[in-house]
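Quick note, the sequences are listed as chains A, B and C, same order. Following the working numbering, the numbering of the first sequence begins with 259 at its first residue and continues without gaps. Following the working numbering, the numbering of the second sequence begins with 259 at its first residue and continues without gaps. Following the working numbering, the numbering of the third sequence begins with 259 at its first residue and continues without gaps. Below: the structure, in structure tokens.
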Amino acid sequence: MATDFQPSGVITLTTDFGHKGPFVATMKGVMLSRLADARIIDITHETDVHFPAEAGFWLSRAYPYFPDGTTHVAVVDPGVGTQRDIIAVLYAGHAFLAPDNGLLASIAERDEARVYRLDLSDPARLGLGEISATFHGRDVFAPIAAAIAGGLLKPEELGPVVDTVVPSWVEEPIVQRERIAGVVVTVDNFGNLISNISEEQVNQLADPVVKAGGRDIALRRTYGNVSPGDYLALINSFGVLEVARAEQSAAEGLGLGRGAPILLVRGAR
Amino acid sequence: MATDFQPSGVITLTTDFGHKGPFVATMKGVMLSRLADARIIDITHETDVHFPAEAGFWLSRAYPYFPDGTTHVAVVDPGVGTQRDIIAVLYAGHAFLAPDNGLLASIAERDEARVYRLDLSDPARLGLGEISATFHGRDVFAPIAAAIAGGLLKPEELGPVVDTVVPSWVEEPIVQRERIAGVVVTVDNFGNLISNISEEQVNQLADPVVKAGGRDIALRRTYGNVSPGDYLALINSFGVLEVARAEQSAAEGLGLGRGAPILLVRGAR
Amino acid sequence: MATDFQPSGVITLTTDFGHKGPFVATMKGVMLSRLADARIIDITHETDVHFPAEAGFWLSRAYPYFPDGTTHVAVVDPGVGTQRDIIAVLYAGHAFLAPDNGLLASIAERDEARVYRLDLSDPARLGLGEISATFHGRDVFAPIAAAIAGGLLKPEELGPVVDTVVPSWVEEPIVQRERIAGVVVTVDNFGNLISNISEEQVNQLADPVVKAGGRDIALRRTYGNVSPGDYLALINSFGVLEVARAEQSAAEGLGLGRGAPILLVRGAR
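In structure tokens, the structure reads:
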């Protein structure tokens, strides 16, 4: 399955570049220069800067909603210009390209994933021009992604297969018999606190209750199930536990953000 | 006219999702999965959260600038997962899809508009997969919009025609003989205060003067007609009254924002 | 070379409109109405408002990364609706369209550039409809750009050739024998301070040291060459001097922003 990648011409972009300046745009310009009919979709450019784990968290949960054969590029790259590697991962009919800094770890570590390490010893071989020291997104990732998305380069031509990758900066939750200890990975536009605790883990506990910010918060199905201003926890649409506040910001209300502990315990009822 | 909808393959998106996380992007991925050559344009994802009226205000004024046959999707949906309906409106050769929460009221209430209520009793009939409780944008709106934009579903196949919709959260201005009382609906990136008072309403008053934030503000044609720092009122490019400050932010200068009263009175001259 | 413009159907957009409201979107809608298969790329909509120099700075450095034949539209236009001109510049196989307010000066002043002044005396001649007083981006720039990008209008049909344009609001650095005095033009999403001092100018000084915010800052190759928290200067990927702080914000750390002086002096070693 891993090698069954048929490029569709669709490319997604995930970065911490924000929307100031031409950084994302020049990546797209390079892509269009190499693949004129590339269809490029922005996943987000507002992940926390220098924090590859958030980009990886979202990408690993968002990719299934894109067409088979999509090429996903993620550039959160505090080590740009140093000796860090770049990897390509094939999994489930999708291709992923990112620095080897943990961003892709959760996908690369899956059983059927195949991982290649980009061999940049001969850039011309890959159709690359001059490579700046500080913007591999534009000079390496973009042209490689366009070539892969257009079938001009096969992933196996990028470099050798590798067995291990740098692990994610966010650890998995600690699962015990009657409690699961996770953390907030990111906060969305509504102030919802999004954790690393999966639906499967939640389902292991009977009548689970969330403890966050000094409160006991009940698990519900959707935001409208409580009154405006009330806190609730739910399994969100990406399959992870989220702490929310109906029509308000849970992050502001609880004073919590990225890295805050989210505890799930077995309820008393 | 209302039924004369010939899908063009163009889809617009208006949400309150912001740009953090993969929320908008997964909607686009789903659209491309169902309609590979969809041309998707973001209207805005920065409307005030949980405030459908702003999204509806802009959408009702922006749609004429898109090609005939455009499918417009607007998801500001605090009631997601509860019993609120989803409606499709056909008007002037465009199709609109949104929760029935007032967002589309100003279009749906026009004489030649036709309104359908989405019948979700058999999701497979509409080509839908699993529907989450918290993200109908991705699981319902996106695939339906792609099907409509690609001519795979006709609007009349979505469900029954309905006669009434939930009204808008922002009321129309109160028009009296010598004064019109409106409100600020939204503030743009320049700090301009954009009201719900239409050009037609302004034209009903002789020599109108705007009263806002304790000031009398004269009506002008464009920003450059006054000196930097001066306040002015004008009919903006979307046909509504706007209070501005040349090269500065009227919102900051006057301390006004969404919901602030804007009064238009007959002038003394 | 200047006249060798073969439109590719690619259009870029650079504005100070931000992401609130339908301003950028209606420009795209108008473009698609006139050129159904336009491929539109956002460069940025978050330049400082009312400051054409930042838009011009980025556009002049970003355009080479787009395909030959790209049409670049930049609308930072505090003088909209007044007598300011609109110009089109052809240079190096690209076309540029902007208000004549200094935004395009650095490109227009190059030897092989050709500059046209848009003649709006007969809007119908250019296929334009009604022109609002406050939004030429939508009513003039967008339809003209689409026509140029699609080969429906040739740049020489826009109006007369002109020899001089309004100069940029940011002056060139002052270059002396042992020091170069520049300024911060913009700050990126990482808090990097991006100056107007070019790589060529830096190379004129032996062992250069940057003085900014009361500190002496050494020139390095990339962010990872110093420890997190340390300041560094580098030639960035767009060929200008940048002051950065590894994994942190130099702008916050030094308390500097747009317009701050950046001094480059010959080092002592």
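Glycine is no exception: its CB is placed at the ideal position from the N, C-alpha and C atoms.
Runs of beta strand (DSSP E) lying entirely within the stretch 382-426 of chain B, each at least 3 residues, in chain order: none
Option in A:Thr328, A:Arg435, A:Gly276, A:Ile299 with minimal Cα separation from serine 266 (chain A): Along the first sequence, read from residue 1 onward, the residue named residue 266 (chain A) stands at position 8. Answer by Cα proximity: A:Thr328.
Any chain B beta carbon closer than 9 Å to asparagine 494 (chain A): Looking up residue 494 (chain A) in the first sequence gives position 236. Yes, asparagine 494 (chain A) counts as interfacial toward chain B.
Whether valine 338 (chain B) touches phenylalanine 275 (chain B) by CB criterion (9 Å): Working through the second sequence from its first residue, we reach residue 338 (chain B) at position 80. Working through the second sequence from its first residue, we reach residue 275 (chain B) at position 17. Not in contact: valine 338 (chain B) and phenylalanine 275 (chain B) (Cβ atoms no closer than 9 Å).
Proximal residues to glycine 511 (chain B) (C-beta, below 6 Å), its chain only, five neighbours per side dropped: Along the second sequence, read from residue 1 onward, the residue named residue 511 (chain B) stands at position 253. Same-chain partners within the cutoff: Arg503.
Contact with chain B by alanine 526 (chain C), beta-carbon distance below 9 Å: The sequence position of residue 526 (chain C) within the third sequence is 268, counting from 1. Output row for alanine 526 (chain C): interface = no.
Per-residue burial, serine 426 (chain B) [other beta carbons within 10 Å of its own, 16 or more giving buried]: Walking along the second sequence from the start, residue 426 (chain B) turns up at place 168. Label assigned to serine 426 (chain B): buried.
Neighbour-count burial assignment, serine 485 (chain C), 16 or more Cβ in a 10 Å radius: If you number the third sequence from 1, residue 485 (chain C) lands on position 227. Looking at its Cβ environment, which holds fewer than 16 other Cβ atoms inside 10 Å, serine 485 (chain C) is exposed.
Rounded separation between alanine 439 (chain C) and isoleucine 298 (chain C) - CA only: Locating residue 439 (chain C) in the third sequence gives position 181, where the first residue counts as 1. Locating residue 298 (chain C) in the third sequence gives position 40, where the first residue counts as 1. The alpha-carbon atoms of alanine 439 (chain C) and isoleucine 298 (chain C) are separated by roughly 37 Å.
Whole-angstrom distance between serine 390 (chain C) and aspartate 397 (chain C), CA atom to CA atom: By one-based count along the third sequence, residue 397 (chain C) stands at place 139. By one-based count along the third sequence, residue 390 (chain C) stands at place 132. Roughly 7 Å between the two C-alpha positions.
Closer than 8 Å at the beta carbon, the chain C residues around threonine 302 (chain B): For this step, residue 302 (chain B) is matched to residue 44 along the second sequence. Within chain C, the residues near threonine 302 (chain B) are His277, Lys278, Gly279, Pro280, Ala283.
Distance CB(alanine 294 (chain B))-CB(proline 322 (chain A)) smaller than 9 Å: Taking the first residue of the second sequence as position 1, residue 294 (chain B) is located at position 36. Taking the first residue of the first sequence as position 1, residue 322 (chain A) is located at position 64. No, the Cβ-Cβ distance between alanine 294 (chain B) and proline 322 (chain A) is not below 9 Å.
Beta carbon proximity, glutamate 430 (chain C) to chain A, threshold 9 Å: Residue numbering aside, residue 430 (chain C) sits at position 172 when the third sequence is read from its first letter. Not one chain A Cβ lies under 9 Å of glutamate 430 (chain C).
Distance between leucine 317 (chain A) and methionine 259 (chain B) (C-alpha atoms, nearest Å): In the second sequence, residue 259 (chain B) corresponds to position 1, counting from 1. In the first sequence, residue 317 (chain A) corresponds to position 59, counting from 1. Unreliable placement is indicated for methionine 259 (chain B), whose pLDDT of 45 sits below 50; no coordinate value is reported for it.
Rounded Cβ spacing between phenylalanine 315 (chain A) and threonine 444 (chain A) (contact assumed at less than 8 Å): Locating residue 315 (chain A) in the first sequence gives position 57, counting from the first residue. Locating residue 444 (chain A) in the first sequence gives position 186, counting from the first residue. The pair is a contact, with the Cβ atoms about 7 Å apart (cut-off 8 Å).
Closer than 7 Å at the beta carbon, the chain B residues around proline 466 (chain A): Looking up residue 466 (chain A) in the first sequence gives position 208. Result: empty, since nearest Cβ-Cβ is about 17 Å, beyond 7 Å.
Within 7 Å of chain C by C-beta, residues of the stretch 323-335 of chain B in sequence order: Tyr323, Phe324, Pro325
Nearest to valine 282 (chain B) (by Cα), restricted to the options B:Leu271, B:Arg292, B:Leu290, B:Tyr349: Mapped onto the second sequence, residue 282 (chain B) falls at position 24. Residue B:Leu271 is the option with its Cα nearest to valine 282 (chain B).
Backbone CA spacing between isoleucine 365 (chain B) and aspartate 446 (chain B) [nearest angstrom]: What you label residue 365 (chain B) is simply residue 107 of the second sequence in a count that begins at 1. What you label residue 446 (chain B) is simply residue 188 of the second sequence in a count that begins at 1. Their Cα atoms are separated by approximately 22 Å.
Short Cβ contact (9 Å threshold) for isoleucine 520 (chain B) with isoleucine 455 (chain B): As a first step, residue 520 (chain B) is located in the second sequence; it is residue number 262 there, counting from the start. As a first step, residue 455 (chain B) is located in the second sequence; it is residue number 197 there, counting from the start. Yes, Cβ-Cβ distance for isoleucine 520 (chain B) and isoleucine 455 (chain B) is below 9 Å.
Closest Cα partner of threonine 302 (chain A) within the set A:Leu290, A:His277, A:Gly287: Start at 1 with the first residue of the first sequence, and residue 302 (chain A) comes out as number 44. For the residues A:Leu290, A:His277, A:Gly287, the minimum Cα distance to threonine 302 (chain A) belongs to A:His277.
Local Cβ density within 10 Å of glycine 264 (chain B), reported as buried at 16 or more and exposed below that: Counted from its first residue, the second sequence places residue 264 (chain B) at position 6. First, the residue type needs correcting, since residue 264 (chain B) is glutamine and not glycine in the sequence shown. The residue is exposed, with fewer than 16 neighbouring Cβ atoms inside 10 Å.
Alpha helix (DSSP H) segment containing arginine 319 (chain A), residue limits: Taking the first residue of the first sequence as 1, we reach residue 319 (chain A) at position 61. Run containing arginine 319 (chain A): 310-320, per the alpha helix (DSSP H) assignment.
First and last residue of the uninterrupted beta strand (DSSP E) at serine 456 (chain B): Here residue 456 (chain B) refers to the residue found at position 198 of the second sequence. Run containing serine 456 (chain B): 451-456, per the beta strand (DSSP E) assignment.
Reduced DSSP category for lysine 469 (chain C) - H, G, I as helix; E, B as strand; rest coil: Taking the first residue of the third sequence as position 1, residue 469 (chain C) is located at position 211. It is a strand residue.
Closest residue to leucine 451 (chain C) among C:Gly487, C:Glu429, C:Asn494 (Cα-Cα distance): Sequence index remark: in the third sequence, residue 451 (chain C) carries index 193 (1-based). Measuring from the Cα of leucine 451 (chain C), the nearest candidate turns out to be C:Asn494.
Interface residues of the stretch 440-466 of chain C facing chain F [CB-CB below 9 Å]: In the structure shown, chain F does not exist; the protein chains are A, B and C.
Opposing strand residues paired with aspartate 326 (chain C) [DSSP bridges]: Within the third sequence, residue 326 (chain C) is the residue found at index 68, counting from 1. Answer is none; aspartate 326 (chain C) lacks a bridge partner.
Residue-level contact to chain A via CB, valine 498 (chain C), 9 Å cutoff: The residue given as residue 498 (chain C) occupies position 240 in the third sequence. No, valine 498 (chain C) does not count as interfacial toward chain A.
Per-residue burial, aspartate 262 (chain C) [other beta carbons within 10 Å of its own, 16 or more giving buried]: Here residue 262 (chain C) is taken as the residue at index 4 of the third sequence, counted from 1. Classification of aspartate 262 (chain C): exposed, given that the 10 Å Cβ count is below 16.
Proximity winner among C:Gly497, C:Leu522, C:Gly525, C:Tyr489, relative to alanine 509 (chain C) (alpha-carbon distances): As a working note, residue 509 (chain C) is residue 251 in the third sequence. Minimum Cα distance to alanine 509 (chain C) is reached at C:Tyr489.
9 Å Cβ cutoff, arginine 297 (chain A) in contact with chain B: Reading the first sequence from its first residue, position 39 is the one you call residue 297 (chain A). Judged by the 9 Å Cβ criterion, arginine 297 (chain A) is in contact with chain B.
Tryptophan 316 (chain B) at chain C interface by Cβ criterion, 9 Å: Counting from 1 along the second sequence, the entry for residue 316 (chain B) is found at position 58. True, the Cβ-Cβ gap to chain C drops below 9 Å.
Cα-Cα separation between phenylalanine 399 (chain B) and glycine 482 (chain C), rounded to whole angstroms: Your numbering for residue 399 (chain B) matches position 141 in the second sequence. Your numbering for residue 482 (chain C) matches position 224 in the third sequence. So the alpha carbons of these two residues sit roughly 44 Å apart.
Below-9 Å beta-carbon distance, methionine 259 (chain C) vs any chain A residue: Here residue 259 (chain C) refers to the residue found at position 1 of the third sequence. Low per-residue confidence applies at methionine 259 (chain C): pLDDT is 45, beneath 50, and the placement is therefore not dependable enough to give any value.
Whether histidine 352 (chain C) touches isoleucine 269 (chain C) by CB criterion (9 Å): The residue labelled residue 352 (chain C) in the question sits at position 94 within the third sequence. The residue labelled residue 269 (chain C) in the question sits at position 11 within the third sequence. No.
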